[in-house]
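**Student:**
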Ligand SMILES: [Fe+2]
Ligand SMILES: [Fe+2]
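Residue numbers (the numbering used here): 13 to 216.
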């Protein structure tokens, strides 16, 4: 497990990411071939962009989105070295150490000792597993869509520990607590973020 230093108080570094969106996307394609992983990366990116906007961090949007897009960069090829390899790869690419730190914090308590501190990191930590649970819930529905999805439906699946057992309920709950949010609010906002993504991608 690895531990990285705390964040500075100002957000200067979180605006300069050290990598462009298109370069990050190409890097993702270099290390990920399975549509599931590419989809997850794009979903978490969209969720991060939604929260950057709605929580008043619009000036950091690119940074938040990149954190989401790259957070599982190494998982498909190096599942046993998850986070460690991402750190190596991103350091080679001269990506901002702040961005690397934020990515490490999503695996806090599992693969890293780096605790989520900034709101951006807490959002990543709280929504990573939740997007998986919401995605699995959607697949069970006739519409296969988030657009008619209710918080109560996700809550029902949240309580059914056998359903999508790989999505850690503890992490989701810890994430909501870190943010000081009710679980229902976190779920409702994440559904909204995924609805926005679905509407946007249907236009393309
Ligand atoms: Fe991960
Ligand atoms: Fe993830």
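Where is the CB? At the ideal position from N, CA and C, for every residue including glycine.
(1) On the three-pair Cβ rule with 8 Å, is the segment 148-164 touching the segment 115-126?
(2) Quick one: using the 10 Å Cβ neighbour count with 16 as the cut-off for buried, is residue 128 buried or exposed?
(3) Would residue 194 be called buried (16 or more neighbouring beta carbons within 10 Å of its own) or exposed?
(4) Leaving aside the five residues before and after residue 57 along the sequence, list all residues of the same chain whose C-beta is less than 7 Å from its C-beta, in chain order.
(5) What did DSSP end up calling residue 182 once you bin it into helix, strand or coil?
(6) On the three-state DSSP scale, how would you describe residue 31?
(7) Would you kindly work out how many angstroms separate the C-alpha atoms of residue 190 and residue 156, rounded to a whole number?
(8) Compare the beta carbon distance of residue 184 and residue 141 with 7 Å and say whether it is the shorter of the two.
(9) Taking the alpha-carbon positions, what's the residue 207 to residue 63 distance?
(10) Near ligand 2, which residues have their beta-carbon closer than 5 Å to a heavy atom?
(11) Taking 7 Å as the threshold (C-beta atoms), are residue 111 and residue 29 in contact?
(12) Can you name, in chain order, every residue of its own chain whose Cβ lies under 6 Å from the Cβ of residue 133, other than the five neighbours on each side?
(13) Is residue 107 helix, strand or coil by DSSP?
(14) Are the beta-carbon atoms belonging to residue 59 and residue 139 less than 7 Å from one another?
(15) Here's the rule: buried if 16 or more other CB atoms are within 10 angstroms of the residue's CB, otherwise exposed. What is residue 198?
**Tutor:** In short:
(1) no
(2) buried
(3) exposed
(4) 77, 80, 81
(5) Here DSSP, grouped into helix, strand and coil, assigns residue 182 to helix.
(6) Coil, per DSSP.
(7) 31 Å
(8) yes
(9) 13 Å
(10) 84, 140
(11) yes
(12) 114, 117
(13) coil
(14) yes
(15) buried
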